[in-house]
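Notes for the one structure printed next.
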Amino acid sequence: MKLTFLQEILETKKKRVEAAKSETDFDSLRRRAVQIRTESEPHRLREALQREKQTNIIAEIKRASPSKG
């Protein structure tokens, strides 16, 4: 049976996730996440929402729809 475009994406992603899991152990992944979070700059979204005297807009721009291929 032929897979739909979205099913193909899902199958490819599952394979990539499994490969990534086998390459990295959980503890090192956790340490890396903590390190990245510690070194990262503050979230611009949080800063924007905390501003009181400005109109705050949350928007999302999509370049293409995965279902359209």
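Here the sequence shown stands for residues 1100 to 1168, numbered as in our numbering.
Think of the CB as a built atom: it goes at the ideal place given N, C-alpha and C, for glycine as much as any other residue.
> What residue does the alpha helix (DSSP H) around D1126 start on, and which one ends it?
Replying inline: 1125–1138
> Can you tell me whether DSSP reads Q1106 as helix, strand or coil?
Replying inline: helix
> Q1153 lies in the alpha helix (DSSP H); which residues open and close that run?
Replying inline: No alpha helix (DSSP H) holds Q1153; DSSP gives it neither H nor E.
> Rounded to the nearest angstrom, how far is the Cβ of L1105 from that of S1166, given a contact under 8 Å?
Replying inline: 7 Å
> Since A1147 and N1155 are thought to touch, with beta carbons under 8 Å apart, how far apart are those beta carbons, to the nearest angstrom?
Replying inline: Confirmed, Cβ separation roughly 6 Å.
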